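Anchor point for the sequence shown: position 142 equals 1031 in my numbering, and the numbering is continuous, going up by one each time.
Data block below; observations after.
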Amino acid sequence: MNFVFVSPQFPHVYWQFCAALRRDGARVLGVGDTPFDALAPEVRDSLDEYYWVHDLENYEETYRAVAYFSYRYGKPNWIESNNEHWLALDARLREDFNVAHGPRSGDVARWQSKAAQKPLYAAAGVPTARQTRLTTFDETRWFIGEMGHYPVFAKPEVGVGAGGTRVLSSDDDLRALLADHGDTPYVIEQLVHGDICSWDAVLDSRGEPLFENQEEFPPSMADVVYGGLDLAYLSCPDVDPELSRLGRATVRAFGLASRFVHLEFFRLDRDHPGLGAAGDYVGLEVNVRPPGGTTPEMMDYAHAVDVYQVWADMVCFDERRVKSRGTDAFCVYASRRDAHRYAHAHEDVLGRFGEAVVAHGRVPDALSDDMGNYQYTARFETRAEADEFVTYVHERERETDAG
């Protein structure tokens, strides 16, 4: 098998997908915009060959890279990045090289559109917030009036994370969005109150999960980014059966298969008439790639399994061959921001929680708005221990009056 992996060097843990493929016997060919000599040793070692392009956004240059691999090794069997930013690039390359595995451009465009996702959720029987595309002031204001009142949530129709999102609380906010959004299509949604949970899965060719994971995000990413909050979230040892049911139904309606997926849901913290009762799940958005950053690592620790190998087994054998290495647990991520002063020093965190801290380090600048500047990842048997860890990491210094 010839597997072309786009951008194996970023996020920095993604080389592990490549290493897992090679363990299963695949030839892994990397295309990226980092010079070969600047790649981390583990990235270089995970690849059979690497082609450096100056800019992955330059399609002609990236096309030449894949054409070179095709000439040297034969037709690629898979082209994939597992990265939201490059999904459209992956799909275009698959079309131009007639790669059998993986979605084409039309599929990706439909899956990435917040508006186009709505009828697919409806087909799955999954409730979602009411939505309209941003058009004129009068048309959008009529929609808001039909829902009842402000506030409402505005977000780019195609976007990653919290980028470009905002809460509209008045007509003036709506006018400001209409003046600011430029050529970026936006959607306006009913504001939903609740925690964000995700159903993550590695799907086989029939759309059946070979692996499942539940994440919980107490603050939304929009609140984290725009409020400058400290981020904490966790991978749970178990998956709520109702969340699993809704995730599987959504996968069938979207026609997803042979992929790593990250499906986000609200878990309502109050009754929403016409939407659901407190504790119900409401569809938020479908992401047809793994959750970002180092989250796959957290799944490894939460479920005592190499999730990179689960994914590679799916690619190479359409089944899960890797086994669990132990018991499940809570794996929690807690980050800090350089702008804040904390009550407990770095050494105190490591001293108090010891071997429970499985990873820590600086977060790449490209991810720091969402993920914080410095992160600690830890594994605990109970939710109470995980909560205690987050409280300790995030505790701020008390401000004292000058003089």
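The beta-carbon is built from N, C-alpha and C at its ideal position, and this holds for glycine as well.
Remember, predicted model here, so these are calculated numbers, not experimental data.
Under the assumption that residue i contacts residue j (Cβ atoms under 8 Å), give the Cβ distance between them as a whole number of angstroms.
i	j	result
residue 893	residue 965	5 Å
residue 988	residue 975	Not a contact, Cβ separation roughly 15 Å.
residue 928	residue 951	The Cβ separation is near 17 Å, so there is no contact.
residue 1004	residue 1035	Residue 1004 to residue 1035, Cβ: 17 Å. No contact.
residue 939	residue 963	About 18 Å separates the two Cβ atoms, so there is no contact after all.
residue 1101	residue 1087	Actually they do not touch by this definition, with Cβ atoms about 11 Å apart.
residue 1090	residue 1136	6 Å
residue 1225	residue 1261	6 Å
residue 895	residue 970	4 Å
Apply the 10 Å Cβ neighbour rule to residue i and answer buried if 16 or more other Cβ atoms are within range, or exposed otherwise.
i	result
residue 1243	exposed
residue 1064	exposed
residue 1234	exposed
residue 1255	exposed
residue 1038	exposed
residue 1124	buried
residue 1000	buried
residue 1013	buried
residue 1202	buried
residue 1183	buried
residue 1273	exposed
residue 1010	buried
residue 1181	buried
residue 1098	buried
residue 1303	Since the first and last residues shown for the chain are 890 and 1292, residue 1303 lies out of range.
residue 1162	exposed
residue 1126	buried
Starting from the C-beta of residue i, find all residues in its chain whose C-beta is less than 7 Å away, skip the five residues before and the five after it, and write them out in chain order.
i	result
residue 1265	1223, 1238, 1246, 1249, 1282
residue 1158	1082, 1083, 1084, 1167
residue 1275	1123, 1219, 1221, 1269
residue 1193	1213, 1214, 1215, 1216, 1217
Hey, how far is the Cα of residue i from the Cα of residue j?
i	j	result
residue 1007	residue 1029	18 Å
residue 982	residue 1043	32 Å
residue 903	residue 897	6 Å
residue 1120	residue 1236	20 Å
residue 1055	residue 1072	17 Å
residue 1280	residue 993	44 Å
residue 1128	residue 1154	13 Å
residue 1290	residue 1060	Low per-residue confidence applies at residue 1290: pLDDT is 46, beneath 50, and the placement is therefore not dependable, though the value from the model is reported in the following sentence. Going from the Cα of residue 1290 to the Cα of residue 1060 covers about 40 Å.
residue 956	residue 919	13 Å
residue 1122	residue 961	44 Å
residue 1278	residue 1228	21 Å
residue 1139	residue 1068	35 Å
residue 1267	residue 954	39 Å
residue 1259	residue 1210	34 Å
residue 943	residue 1152	33 Å
residue 936	residue 958	13 Å
residue 907	residue 990	17 Å
residue 901	residue 891	22 Å
residue 1024	residue 1172	24 Å
residue 1094	residue 973	21 Å
residue 1032	residue 1026	10 Å
residue 1070	residue 1048	13 Å
residue 1141	residue 1053	30 Å
residue 980	residue 1286	48 Å
residue 949	residue 997	20 Å
residue 1240	residue 1191	22 Å
residue 1058	residue 1134	35 Å
residue 1169	residue 986	44 Å
residue 1092	residue 1132	16 Å
residue 1257	residue 917	29 Å
residue 1096	residue 1271	32 Å
residue 945	residue 1208	32 Å
Using C-beta distances below 6 Å, list every residue in its chain close to residue i, excluding the 5 sequence neighbours before and after it, in chain order.
i	result
residue 1292	For residue 1292, the pLDDT reaches just 41, beneath the cut-off of 50, and the residue's location in the model is therefore unreliable, although a value from the coordinates is still provided. Closer than 6 Å at Cβ, skipping near neighbours: no residue.
residue 905	1197
residue 923	898
residue 909	1197, 1198, 1201
residue 1106	1085, 1122
residue 1160	1166, 1167
Enumerate in chain order the residues of its own chain whose CB-to-CB distance from residue i is below 8 Å, with the five nearest sequence positions on each side excluded.
i	result
residue 1284	1231, 1232, 1233
residue 925	933, 939, 941
residue 930	none
residue 1165	1016, 1157, 1171
residue 1253	899, 900, 901
residue 984	993, 994
residue 1205	890, 910, 913, 914, 915
residue 1066	1023, 1043, 1055, 1057, 1075
Quick one: does residue i have its CB under 8 Å from some CB of chain C?
i	result
residue 1010	Judged by its chain identifiers, the structure shown contains no chain C, having just a single protein chain.
Cβ pair count under 8 Å reaching 3, the segment 1009 to 1023 against the segment 1072 to 1087: In short, these stretches touch, since the Cβ pair count reaches three.
Inter-stretch contact at 8 Å, needing at least 3 Cβ pairs: the segment 1210 to 1230 / the segment 1183 to 1190: Put simply, the segment 1210 to 1230 touches the segment 1183 to 1190. At least three CB pairs are less than 8 Å apart.
Is it true that the segment 1194 to 1205 meets the segment 908 to 925, where meeting means three or more beta-carbon pairs spaced less than 8 Å apart? Cβ pair count under 8 Å is three or more, so yes.
Say whether the segment 1129 to 1148 touches the segment 1163 to 1181, bearing in mind that this needs 3 or more beta-carbon pairs closer than 8 Å, one atom from each stretch. Yes, they touch.
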